[in-house]
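Below is one structure, written out as structure tokens; comments come after it.
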Amino acid sequence: MKTSLNRHRNIIDFALSSLLRRKMKNFSLLAVYTLIIFVIASLLFFVNALKREAALVLADAPDMVVQRLMAGRHDLIPAAYAEKIRALPGVSTVTPRLWGYYYDPVFGANYTLTVPPRPAVEPGNILVGAEVSLNQRVRVGDMVAFRTSAHIPLLLTVKGIYPAASNLVAADLVVMSPEDFQAMFNLPADRATDLAVTVANPRELATVAAKIVEFFPDTRPILKSEMLRTYDAIFDWRGGMMVVILTAAVLSFVIFAWDKATGLSAEERREIGILKSIGWETADVLYLKFWEGIVISLSAFLLGGLLAYGHVFFFSASLFEHALKGWAVLYPKFKLVPAVDSYHLAVLFFLTVLPYTVATIVPAWLAATVDPDAAMRS
Amino acid sequence: MMQHPAILALLISSLLISGMLLYAAWYGARIIRSWNLHSGSELQLQLERRTYLISSILGYALVFQVLSLFFFIFTADTLHSQFTGAMCAAGSLNANGYGYPTFFLKIATCLLAGVWLVINHVDARGYDYPLIKVKYGFLVIILMPLVLIETIVQFRYFQGLHADVITSCCGSLFSVGKGTIGGDLAGLPAAPMEWAFYACLALALVSGLFVCLKDRGGYVFSAASALLFTVSATSLVSFICLYVYELPSHHCPFCILQQEYGSVGYVFYGSLFVGGVAGMGVGALMPFRNHASLSRIIPATQRRLSVLALVSYLLFALIASYYLVFSPLRLFP
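Residue numbers (the UniProt record's numbering), protein chains in the order written: chain A, 1 to 378; chain B, 1 to 333.
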């Protein structure tokens, strides 16, 4: 056991010195390898962090949202539905919600207008998100003019601004009173945008949803778990598509690595020839190549992983954000919470290190089986 | 669901492993056909060199295959949130008919690749390549086809996965109408399984000691070891997991890999795998004991393998017994 360990220690020692002797070749390989790992790792970390962020935002969402459908489109729901749904066994609360979008033609941005279940502001007043206040160039106490659906200006006073820390959920938010909301959109008083339903026992959610559909065939209940699942699926799909695109890069890297590994210089051939003539066996040279591969892969993996970590969590993944995050005028600027687990490192390993290793097996064997005399003579 | 990064990683790795095995089997077939140790021809020299390549390919393939087995379980576990009713990997694997076959094929290929490496190790130590045709026959006829089948079955599994996402016509109605996936596994009854587990363990211990001390009974030990492997895996589902989770109804063999249970699953599966490979390796070497160049190598290797198998199984049994004794759960009054 000890001799075997010693043997490997000596081979690793030799592998390190042999890597350092060919600095240029190995550093160029390491640089490309690191770049590939960096790109894929950034992608995986970013997608994962976005999924977490979405899950955190949805954590406060109601268990179930009931929408009314009209001709396959989302329609306003009669408030009377709320009473009937509340009467269903298992349902604890039903809250009619009022929310919508407002496009401001002057400042060219979309705002999300909501009315909290318990009135947060008096009629004529609003609370706005930090990005909205920047966009409208308003401060607390200033007046804002929104255009109602009848093209009549509606003057509202800014009573408060949400801190920038809540930007992820509140960047484009405008909170107003139900009266103003109804005036804005000429909304009938007995209608709501949708209903938020909470159910005491989460295991009854599906049954309650089925009952709602049975009583109100024109509605569509959406569970929180379904929203989470859909977000997960979308982010996974986007990440996967990027991986598919990057496969071309991995493939060219593998060809590059193969080329580097097969193109032994005359000096390297001589070196292996000498090693074999002084008693190294083919298996020893194979181990040597194996350890060289491990050193390169491990260095590139750590380096690329660390760079990707910095890129995603300190620089908000500036290379990918437009492809993966979506886009809007008032897009919240937010820092992602650092979170990397072993599972994502495993995905990274399977996407990068495994192809590299496979590409170097045959070249390593070719190098290990050269004839000592032929190698030294060449 | 094919565009999930982890699924892509699994598909790519399976493709690469299949490619490696195909390459190895191609030269394996040539070796079976043209091997002649007494010839000094160019072809024979080339084939002798190829044996190094094939051993090294299979070595890497085994490592990748074992890693991909765990990675597969983890991916199935991550995907469970996409299916209504699935609570963990057990549910995701049930999402279509190819999940469990992929899982079992992965286990089988890992075990067989391990046994192949045992045979290869012994063969490399005999001066006249005594087992060359046997091991390449094994590679070409059994291992390579199994890995290919596994790759195809895995592809079908992932191809058939469809997340239950919100559709434009209806939300949860969709999920309700479809019914839910059986999220849990049923195990065999606990009491007889506990008896069976310890009985098989005793049988394996006695026969293993026989191999170690008397150099006899290799077949019996190998059979006992294979039996113990199966019984241990079944026991894991039937009662060991219950003690780990401290829940009399949760039979899932995958949740023990999670951090909240101290990742004890890795020790269970790792020891089971080493025990299985070493135990079956003893049996696989039995027919060649009388080979001239191996008459001293095989018994020594078998002794070491049986010690390794015994230690692994004992480790498994010790940890399982620890849970049986110290878990707050009591299955029997």
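All C-beta atoms in this analysis are idealised placements derived from N, C-alpha and C, irrespective of residue type, glycine included. If you're wondering where the values come from, they're calculated on a predicted model, not measured in any experiment.
Residue i burial status per 10 Å Cβ neighbour count (16 or more: buried)
{"i": "residue 287(A)", "result": "buried"}
{"i": "residue 3(A)", "result": "exposed"}
{"i": "residue 13(B)", "result": "buried"}
{"i": "residue 171(B)", "result": "Interpretation of residue 171(B) is limited by its pLDDT of 48, a score under 50 that renders its predicted location unreliable; the figure taken from the coordinates is listed afterwards. Answer is buried; the Cβ neighbour count reaches 16."}
{"i": "residue 266(A)", "result": "exposed"}
{"i": "residue 106(B)", "result": "buried"}
{"i": "residue 175(B)", "result": "With a pLDDT of only 44 at residue 175(B), under the threshold of 50, the placement of this residue in the model should not be trusted; the figure read from the coordinates follows. Counting Cβ neighbours within 10 Å, residue 175(B) comes out buried, since at least 16 surround it."}
{"i": "residue 190(A)", "result": "exposed"}
{"i": "residue 72(A)", "result": "exposed"}
{"i": "residue 263(A)", "result": "exposed"}
{"i": "residue 71(B)", "result": "buried"}
{"i": "residue 230(A)", "result": "buried"}
{"i": "residue 60(A)", "result": "exposed"}
{"i": "residue 6(A)", "result": "exposed"}
{"i": "residue 226(A)", "result": "buried"}
{"i": "residue 106(A)", "result": "exposed"}
{"i": "residue 261(A)", "result": "buried"}
{"i": "residue 326(B)", "result": "exposed"}
{"i": "residue 4(B)", "result": "buried"}
{"i": "residue 277(B)", "result": "buried"}
Chain A residues whose Cβ lies nearer than 7 Å to that of residue i
{"i": "residue 6(B)", "result": "347"}
{"i": "residue 78(B)", "result": "343"}
{"i": "residue 49(B)", "result": "369"}
Identity of the residues DSSP links to residue i by a beta bridge
{"i": "residue 291(B)", "result": "According to DSSP, which records beta bridges pairwise, residue 291(B) is partnered with nothing at all."}
{"i": "residue 221(A)", "result": "66(A)"}
{"i": "residue 74(A)", "result": "69(A)"}
{"i": "residue 91(A)", "result": "199(A)"}
{"i": "residue 194(A)", "result": "97(A)"}
{"i": "residue 125(A)", "result": "157(A)"}
{"i": "residue 144(A)", "result": "156(A)"}
{"i": "residue 175(A)", "result": "114(A) and 127(A)"}
{"i": "residue 103(A)", "result": "110(A)"}
Proximity of residue i and residue j at Cβ, strictly below 7 Å
{"i": "residue 38(A)", "j": "residue 304(A)", "result": "yes"}
{"i": "residue 215(B)", "j": "residue 84(B)", "result": "no"}
{"i": "residue 24(B)", "j": "residue 57(B)", "result": "yes"}
{"i": "residue 97(A)", "j": "residue 192(A)", "result": "yes"}
{"i": "residue 32(A)", "j": "residue 253(A)", "result": "yes"}
{"i": "residue 153(B)", "j": "residue 101(B)", "result": "yes"}
{"i": "residue 205(A)", "j": "residue 63(A)", "result": "yes"}
{"i": "residue 128(A)", "j": "residue 158(A)", "result": "yes"}
{"i": "residue 101(A)", "j": "residue 132(A)", "result": "no"}
{"i": "residue 388(A)", "j": "residue 204(B)", "result": "Absent from the structure is residue 388(A), since the part of chain A shown begins at 1 and ends at 378."}
{"i": "residue 256(B)", "j": "residue 267(B)", "result": "no"}
Cross-chain neighbours of residue i in chain A, by beta carbon under 8 Å
{"i": "residue 74(B)", "result": "343 and 346"}
{"i": "residue 164(B)", "result": "226 and 229"}
{"i": "residue 60(B)", "result": "357, 358 and 361"}
Pick from the options that is closest to residue i, judged by C-alpha positions
{"i": "residue 16(B)", "options": "259(B), 63(B) and 298(B)", "result": "63(B)"}
{"i": "residue 28(B)", "options": "50(B), 14(B), 40(B) and 41(B)", "result": "50(B)"}
{"i": "residue 68(A)", "options": "40(A), 222(A) and 43(A)", "result": "222(A)"}
{"i": "residue 152(A)", "options": "95(A), 141(A) and 185(A)", "result": "185(A)"}
{"i": "residue 212(A)", "options": "26(A), 50(A), 83(A) and 70(A)", "result": "83(A)"}
{"i": "residue 293(B)", "options": "226(B), 237(B), 124(B) and 107(B)", "result": "124(B)"}
{"i": "residue 169(A)", "options": "318(A), 79(A), 56(A) and 233(A)", "result": "56(A)"}
{"i": "residue 12(A)", "options": "292(A), 352(A) and 373(A)", "result": "292(A)"}
{"i": "residue 251(B)", "options": "258(B), 257(B) and 242(B)", "result": "242(B)"}
{"i": "residue 15(A)", "options": "364(A), 375(A) and 369(A)", "result": "364(A)"}
{"i": "residue 310(A)", "options": "285(A), 290(A) and 340(A)", "result": "340(A)"}
{"i": "residue 160(A)", "options": "145(A), 139(A), 114(A) and 154(A)", "result": "139(A)"}
{"i": "residue 30(A)", "options": "298(A), 162(A), 164(A) and 44(A)", "result": "298(A)"}
{"i": "residue 41(A)", "options": "6(B), 315(B), 18(B) and 320(B)", "result": "6(B)"}
Partner residues on chain B for residue i, Cβ-Cβ distance less than 9 Å
{"i": "residue 241(A)", "result": "3"}
{"i": "residue 198(A)", "result": "Per Cβ cutoff of 9 Å: no residues; residue 198(A) is ~15 Å from chain B at best."}
{"i": "residue 283(A)", "result": "52, 55, 56 and 124"}
Chain-ordered neighbours of residue i on chain B, where CB pairs are closer than 8 Å
{"i": "residue 351(A)", "result": "5, 8, 9 and 12"}
{"i": "residue 368(A)", "result": "52"}
{"i": "residue 355(A)", "result": "12 and 16"}
Within chain B, the residues that residue i reaches when beta carbons sit closer than 7 Å
{"i": "residue 97(A)", "result": "Neighbours of residue 97(A) on chain B: none; closest Cβ ~16 Å, over 7 Å."}
{"i": "residue 44(A)", "result": "5"}
{"i": "residue 365(A)", "result": "52, 53 and 56"}
{"i": "residue 168(A)", "result": "Near residue 168(A) there are no residues of chain B at all, since even the closest Cβ is about 21 Å away, more than 7 Å."}
is_contact[residue i, chain D] using C-beta, thresh 7 Å
{"i": "residue 306(B)", "result": "Going by chain labels, chain D is absent from the structure shown, which instead holds the protein chains A and B."}
Within chain A, partners of residue i - CB distance below 9 Å
{"i": "residue 81(B)", "result": "225, 228, 229 and 232"}
Residue i: CB within 6 Å of a non-hydrogen atom of the ligand COA
{"i": "residue 96(A)", "result": "Although the ligand COA was asked about, the structure shown includes no ligands whatsoever."}
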